[in-house]
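Input: a single structure, listed below in structure tokens.
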Amino acid sequence: MSEPAKPTTQSLFAEALARHEAGDFPAAEALYRRFLARKPDHAGAWTNLGAVLRSRGRLGPAIAAHRRAIEIEPRMTTARSNLATALRHHGDIAEAVALRTALLAEAPDDWIRIRDLAHIYRAARRDADAIRLIDAAEARLGPNETGQLERGLARLMLGDYAAGFRDYESRYAGGEVALPEGAPWPRWTGQPIDGKRLLVMPEQGFGDAILMARFLPRLKEMGADVTLIAKPPLQRLFADLEGVDRLVSGVKRSDAFDFYTPNMSLPHLVGMPGGAPPPPPRLTLPDDSVARARRLVAPFRDRFRIGILWTGSLTYRGNHRRSTRPESFLRLAEVPGVQLFSLYKGDAHDAFLDSGMAGLVVDACGADRDFADSAAVIAEMDLMITTDSAVVHVAASLGKPVWNLLAWEGYWLYGEAETTPWYPSMRLFRQPRPGDWEALFARVETALRDRLAATGGTVSVAVAPGELIDKITILEIKSERIAEPAKLANVATELATLVARRDATLTASAELDRLSADLKSVNEALWEIEDDIRDCDRAGDFGPRFVELARSVYRTNDKRMELKRRINTLLGSNLIEEKSYRPY
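If you read the sequence shown in the working numbering, its first letter stands for residue 15, the second for the next number, and so on.
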């Protein structure tokens, strides 16, 4: 019997290309290596091998393979471009910028090369340079969707939300995301929607769905009947979202809608009056999830509870840059008085269990059913310290103090400061150099020790429930109306502390929710009255309007006292506020 014929050199290369294009990277790598064993001077095979190695997360060998290709063919455009991409992923940003700059100089009117240089400018935190590059190219060559997308992301990074989200609409043409296939309804592009049936569809990840939920109330203000699609893990968390008429997990092509819109288009379509984003959405914590979370943390009530997370979704293509190892958090477990809780649920859960950290970190969410379960656990934490993921959006929407640990390469939502207007309770920690988690965690540990040392300046005292809820509603109003980031951060910290105490000690009920909402409305009225009185004072107007405003202060405060009394009675408090006035 004759032996099977060995594949020809050319057939090896063809099969490697086919496996590469199909996404079968292990097979493609093996085939490229076999081919190169026969033809070690083939530059194309070397750079293709480098691309496969990068896709498999093996950046060092990938860079070496691309350099070998360039050694063989120094002017090979594909190899130099692939090397720039691998260097960017490896954190060698300066060399990547130099390569992209040289490539563009060879073909200055090539939009792909213009886009690639703008992209690496953004990775280098040179967003203004990216904007100037695209502006100049458009002036010379006319508009291009690929360039508009890069410019939009750079504008968003710098806080130019109106222009940034306008450019971001080019993400479909630019291939960043795909529109829903075969949607039978017209896409909403900003036309009047009063009385119209509008379907809001998810576009990207869970975190983006939470981020964009803040714009839904504006759709109701515009008169739309709003149906929101949310994936099953978000259904209970979104059960009572403001601005939503019906929450569904999917629709049929036969369902009647006048328009549909992807959720990521909402900022562009509804706008941001004053240039600032609306406050985060109010999320739902189901009673069974709350009870479950409280049982979990009950043994640790006397410790400072910190929720941690080291990775986001493993399917997100940039997850390797934004994620670290669970062991990075061990230095925080050594801080006296601290108890860490893992908020991770997913395919890497076994790696956490095998890391030996289980004795130091409570597995709080490994068995969670959905984000509502996770949110209830987050509500029991004193602080969240986590890499960027959907859990960050949940925690910050709840007003929980969040320390978000960011990779060097920025994301538009977080800008360039240490705070973000999108989430007032969030503090941002960034790698000082690409890939340097060690220095970042050293800074976090110092900040944590400083924070715990500073808690000695607070006073614990028993207060009536009505007084606690009154203070919470005032802080909620401040969080919605104060614009300065530093003040907002202070408000968020105090609010999160009081909300956590309320949730840990008071029995929730529909009646308590109603009374709390009424109390907030009264405090909002007092806020408006005080503003009006100050306006009169500035104008020197002490006539009938000023007198009426002054009288309305004590009348409104009487309503406020009555609501606090009813809350105290509802909850059986033995602390009752009393007041006395001279008869009149």
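C-beta atoms are modelled at their ideal positions from N, C-alpha and C, and glycine is treated no differently.
Worksheet entry | residue 278 in three-state terms, based on DSSP | Shown here, residue 278 sits in a helix according to DSSP, grouped into three states.
Fill in: Alpha-carbon to alpha-carbon, residue 235 and residue 146
37 Å
Worksheet item: Could you give the residue range of the beta strand (DSSP E) that holds residue 318?
Response: 318-323
Worksheet item: Which full runs of the beta strand (DSSP E) of 3+ residues lie inside the region 373-433, going along the chain?
Response: 375-377, 397-401 and 416-420
Discussion item. If contacts are defined as beta-carbon pairs under 8 Å, then residue 240 and residue 248 qualify, I think. What distance do you get, rounded to the angstrom?
Written reply: Cβ atoms of residue 240 and residue 248 stay farther apart than 8 Å, at about 16 Å.
Worksheet item: Counting pairs of beta carbons, one from the region 265-274 and one from the region 282-301, are three or more of them closer than 8 Å?
Response: With the cut-off at 8 Å, the region 265-274 and the region 282-301 do not touch.
Worksheet item: Residues bridged to residue 356 by DSSP?
Response: Beta-bridge pairing links residue 356 to 322 and 377.
Worksheet entry | Residue range of the unbroken beta strand (DSSP E) whose run includes residue 115 | Careful: residue 115 lies outside any beta strand (DSSP E), inside the alpha helix (DSSP H) at 107-120.
Worksheet item: Within 10 angstroms of its Cβ, does residue 289 collect 16 or more other Cβ (buried), or is it exposed?
Response: exposed
Item to complete: Check whether the region 450-458 touches the region 495-512, taking contact to mean three or more Cβ pairs, one atom from each stretch, closer than 8 Å.
Response: The region 450-458 vs the region 495-512: no contact.
Worksheet item: What does residue 243 pair with, by DSSP beta-bridge criteria?
Response: 262
Discussion item. Less than 8 Å between the beta carbons of residue 149 and residue 171, yes or no?
Written reply: no
Item to complete: Please list, in chain order, all residues of the same chain as residue 252 whose beta carbon is under 6 Å from its beta carbon, the five residues on each side excluded.
Response: Closer than 6 Å at Cβ, skipping near neighbours: 244 and 261.
Item to complete: Find out if the Cβ-Cβ distance for the pair residue 374, residue 392 is shorter than 8 Å.
Response: no
Fill in: Pairwise C-alpha distance: residue 83 and residue 65
12 Å
Item to complete: Check residue 271 in the structure and name its three-state DSSP category.
Response: In the structure shown, residue 271 falls within a coil segment according to DSSP collapsed to helix, strand and coil.
Practice prompt. May I have a chain-ordered list of the beta strand (DSSP E) segments no shorter than 3 residues that lie completely inside the region 150-190?
Written response: none
Discussion item. Using the Cβ count rule (16 or more neighbours within 10 Å means buried), how would you classify residue 101?
Written reply: buried
Item to complete: Ignore the nearest five residues each way along the sequence and tell me which others in residue 209's own chain have a CB closer than 7 Å to its CB.
Response: 237
Worksheet entry | Endpoints, alpha helix (DSSP H) assigned at residue 466 | Under the DSSP assignment, residue 466 falls in the alpha helix (DSSP H) whose first and last residues are 451-468.
Practice prompt. Mind reading off the beta-carbon distance from residue 435 to residue 506? Whole number of angstroms is fine, and I expect it under 8 Å.
Written response: Here residue 435 is actually not in contact with residue 506; their C-beta atoms are around 12 Å apart, not less than 8 Å.
Discussion item. If I follow the unbroken alpha helix (DSSP H) through residue 559, where does it start and stop?
Written reply: Residue 559 -> alpha helix (DSSP H) spans 558-584.
Worksheet item: Counting along the chain, where does the beta strand (DSSP E) carrying residue 90 start and finish?
Response: Per DSSP, residue 90 belongs to no beta strand (DSSP E) and is neither H nor E.
Fill in: Reduced DSSP category for residue 252 - H, G, I as helix; E, B as strand; rest coil
coil
Worksheet entry | The alpha helix (DSSP H) enclosing residue 66, as first and last residue numbers | Counting along the chain, the alpha helix (DSSP H) containing residue 66 begins and ends at 57-69.
Item to complete: Take residue 517 and list the residues in its own chain whose beta-carbon comes closer than 6 Å to its own, dropping the five residues that flank it on each side.
Response: The answer, listed in chain order, is 393.
Item to complete: Have a look at residue 408 and residue 490 and give me their C-alpha separation to the nearest angstrom.
Response: 17 Å
Worksheet entry | Anticipated Cβ contact below 8 Å, residue 619 with residue 221, distance rounded | Examination of residue 619 is not possible in this model, given that the chain is present from 15 through 598 alone.
Worksheet entry | Range of the contiguous beta strand (DSSP E) that encloses residue 211 | 211-215
Worksheet item: For residue 151, is the classification buried or exposed, using 16 other Cβ atoms within 10 angstroms of its Cβ as the cut-off for buried?
Response: buried
Worksheet entry | Proximity winner among 63, 205 and 21, relative to residue 37 (alpha-carbon distances) | 63
Discussion item. Quick check: the Cα distance between residue 259 and residue 31, rounded to an integer number of angstroms?
Written reply: 50 Å
Worksheet item: When the Cα atoms are used, what is the spatial distance from residue 15 to residue 21?
Response: Any reading at residue 15 must be qualified, since the residue scores a pLDDT of 45, below 50, and its modelled position is unreliable; the value itself is stated next. Whole-angstrom Cα-Cα distance: 18 Å.
Worksheet item: Near residue 143, which residues of its chain fall below 7 Å by C-beta distance, leaving aside the five closest residues on each side in sequence?
Response: 135
Practice prompt. Round the Cβ separation of residue 486 and residue 462 to the nearest angstrom and send it over; I've been treating them as touching at under 8 Å.
Written response: Between residue 486 and residue 462 the beta-carbon gap is near 25 Å, outside 8 Å, which marks them as no contact.
Item to complete: Thinking residue 291 and residue 228 are a contact (beta carbons under 8 Å), I'd like their distance in whole angstroms, please.
Response: With a contact defined as Cβ atoms closer than 8 Å, residue 291 and residue 228 qualify at about 7 Å.
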